[in-house]
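Working notes, beginning with the structure itself.
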Amino acid sequence: MAVKILAYQLIAGLESIRLTEEKLRMERLSTIGNMAGEIIHDLKGPMTSILGFAELLQRDDNSRQEQQEYARIVASEVEQMGVMVEEILEFSRGDKMKLKLQIWDVEEFVNEVTAALRQTFKYKDIQFITKLLCKRKIYADKEKLKRVFFNIANNAKDALPPHGRFSINTYLHKGTHVEFRLADSGAGIPEHVKQNIFEPFVTYGKKRGTGLGMSIAKKIITDHGGHIWVESEEGKGTIFYFTVPIAAE
């Protein structure tokens, strides 16, 4: 009898968990639905740009330099759309994110990320600075961790003036984690925005976007067993900090 009662309680508990997860999933989808107008508006921006420059590319009187510039803009807009769509998908999946954890060399990882980010900032003449004071190996999902870097960099890209600075530094954090510091010399974030920067659909100073980038970044770092926080002052730039566990030797 006692076994049956325990079995019923277990089944009821599992069903309660399933219903709670389903409720949360529906709430996330409902949130996206409520924001659909703004999301579609943001997606239409790059679509309109792509269409316009694609039409310009078809003209016979373009110089080679003009063609290259139009093609660059089209590629940039497609990339932006891809980021926005991926952010929406990540948010809708919620807690179903699966990490492919492996051991990575910090120096190699940062060099790879920096090379990719240089392309992102290529046409803004941004000075890149890296200082790796901790080069320990980390235990992480490489692609997900890259997303954190790119989400922070995308925020910085709109805030940075021409000839601005973007730096990536690493430090040992409490002997158990590598601490990454991503700093920019942009306009900074107002206090009221900073307090909610990791909440979904919070944006500031960006021409367009879903407002999900930093929320996703926080989830990725939290799922890794790390922490993420920000310091910023208007007119003096912004620093994002996050920690990732050191791999066991």
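Following full-length UniProt numbering, the numbering of the sequence shown begins with 1 at its first residue and continues without gaps.
Beta carbons: idealized from backbone N, C-alpha and C, even for Gly.
From a predicted model like this one, the values you see are computed outputs, not experimental measurements.
Please report the residue range of the alpha helix (DSSP H) in which residue 231 lies.
Per DSSP, residue 231 belongs to no alpha helix (DSSP H); it is in the beta strand (DSSP E), 228 to 233.
Hey, is the region 184 to 203 in contact with the region 133 to 149, meaning 3+ C-beta pairs nearer than 8 Å?
no
Touching by the beta-carbon criterion (3+ pairs, under 8 Å), the region 68 to 79 and the region 105 to 113
no
Can you give the Cα-Cα distance for residue 197 and residue 69, rounded to whole angstroms?
34 Å
What's the gap between the Cα of residue 179 and the Cα of residue 67?
43 Å
When the distance is taken between beta carbons, is residue 164 closer than 8 Å to residue 233?
no
Sheet register partners of residue 137 (DSSP bridge)
105
If I follow the unbroken alpha helix (DSSP H) through residue 193, where does it start and stop?
191 to 194
How is the beta strand (DSSP E) around residue 179 delimited, first residue to last?
177 to 184
Candidates 186, 175, 215, 56: closest to residue 124 by CA position:
186
Where do the N-terminal and C-terminal ends of the alpha helix (DSSP H) with residue 188 fall, by residue?
Looking at the DSSP string, residue 188 is not in any alpha helix (DSSP H), and its letter there is neither H nor E.
Where residue 59 sits in the DSSP three-state scheme:
coil
Less than 8 Å between the CB atoms is what I'm expecting for residue 137 and residue 103, so what's the real figure, rounded?
5 Å
Check this for me: beta carbons of residue 228 and residue 176, under 8 Å apart or not?
no
Whole angstroms are fine: how far does the CA of residue 147 sit from the CA of residue 218?
11 Å
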